[in-house]
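Please read the structure below before turning to the comments.
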Amino acid sequence: MTEERLTDIYTVKSSRPESGDELKFGRYNGEEQEDEKPQLTPISGVVACHACPFRYYLEKNRERGEEPAEYTIAKQISYHTGDEIIEAEILEELETVNPDLTDEDRQNLKEWITACRREKWQRPAEYDVKLKSEKFGIYGRADHIFDRPPYVGIVRTAPAPEAGVYGAERIRAAAFAFCAEETLDVQCREVLIEYIPSGISRICKIQPKDRRETLRAIKKAKEIDGGKIPKKPKDAPCERCYLRDECPDMPKSILDIL
Numbered sequence: 001m002t003e004e005r006l007t008d009i010y011t012v013k014s015s016r017p018e019s020g021d022e023l024k025f026g027r028y029n030g031e032e033q034e035d036e037k038p039q040l041t042p043i044s045g046v047v048a049c050h051a052c053p054f055r056y057y058l059e060k061n062r063e064r065g066e067e068p069a070e071y072t073i074a075k076q077i078s079y080h081t082g083d084e085i086i087e088a089e090i091l092e093e094l095e096t097v098n099p100d101l102t103d104e105d106r107q108n109l110k111e112w113i114t115a116c117r118r119e120k121w122q123r124p125a126e127y128d129v130k131l132k133s134e135k136f137g138i139y140g141r142a143d144h145i146f147d148r149p150p151y152v153g154i155v156r157t158a159p160a161p162e163a164g165v166y167g168a169e170r171i172r173a174a175a176f177a178f179c180a181e182e183t184l185d186v187q188c189r190e191v192l193i194e195y196i197p198s199g200i201s202r203i204c205k206i207q208p209k210d211r212r213e214t215l216r217a218i219k220k221a222k223e224i225d226g227g228k229i230p231k232k233p234k235d236a237p238c239e240r241c242y243l244r245d246e247c248p249d250m251p252k253s254i255l256d257i258l
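So for the sequence shown, the UniProt record's numbering puts the first residue at 1; every next one is plus one.
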């Protein structure tokens, strides 16, 4: 992939998660939390804490959901980026992985493959590599590892924004960079965000602000992991949160009160 095809991280908007970001599409992250050391926090939890610490608190106390079809489709397509993308081959794999595919899922597959064929993808060296940082106490599973910068690729099931990447991806990228530098022993200054539904990959250049906000989110997550019940911040993105109905601090409607 050439630098000309890549878009820098910065957008004209703030770094907070936006509509279409993981608050709606990325609830399932494929992270195997059950086999990790108790002191390690998943990167998805760090991202959640950046948006709202209380959201991470609620997520820790609910059962893990099933893998959504959108995630399964995006992941399976991602195994073919960098090579010839053959629809029949991917469909056969998907029907094996998820026998309950619907007609809508098959249509999404067709549209996403068409979009991905327009992009020139960098071929990964490895797939689904677990990265962790003992220093910061976090871990995550990188979808793609490359043998040259950017060393880490993250598959997303959200459509790409008009420009740059979603604000939450800056936190996700910084956290993965912390882990990559420790696990892979590389200088990770940028991460590739791969928006499979749009067939677009964009470079997320990690800046000091991103690292600073990520460190704050890690600290909040560690406090919650230690048993602290967080307060909901005043700027919490409640309207876009998939757990809003489970949040005790959400204002109730007149019907609920009655």
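Ideal placement from N, C-alpha and C gives every residue a C-beta, glycine not left out.
None of the values given here were measured: they were computed from a predicted structure.
- Cβ neighbours of L184 within its own chain (closer than 8 Å, five residues either side excluded): L131, I145, Y151.
- Under a 10 Å Cβ-count criterion, R118 is classified as exposed, with fewer than 16 other Cβ atoms of the shown protein chains found around its own Cβ.
- A contact between stretches requires three or more CB pairs, one per stretch, nearer than 8 Å, and the region 92-104 fails this requirement with the region 157-175.
- Partner residues in the beta bridge of P42, as assigned by DSSP, are Y139.
- By a beta-carbon distance limit of 8 Å, A217 contacts C49. Their separation comes to about 4 Å.
- Looking at Y79, I113, F178, the one whose alpha-carbon comes closest to that of D210 is F178.
- At the C-beta level, W112 and I154 stay beyond 8 Å of one another.
- When C-alpha distances from P124 are compared across Q39, S78, R156, the shortest belongs to S78.
- Going by C-alpha positions, P161 is about 36 Å away from G226.
- The shortest CA-to-CA distance from Y127 to any of R106, G140, C116, K135 is the one to G140.
- One alpha carbon belongs to Q76, the other to D143, and they sit about 11 Å apart.
- Rounded to the nearest angstrom, the gap between the Cα atoms of I229 and I85 is 47 Å.
- Going by C-alpha positions, D100 is about 13 Å away from E70.
- Counting of Cβ neighbours within 10 angstroms places Q122 among the buried residues, the total reaching 16 or more.
- For the pair Q107 and K219, the Cα-to-Cα distance works out to about 42 Å.
- Between C116 and E169, the CB-CB gap reaches or exceeds 8 Å.
- For a cut-off of 8 Å, the C-beta gap from K232 to F54 is around 4 Å, short enough to register as a contact.
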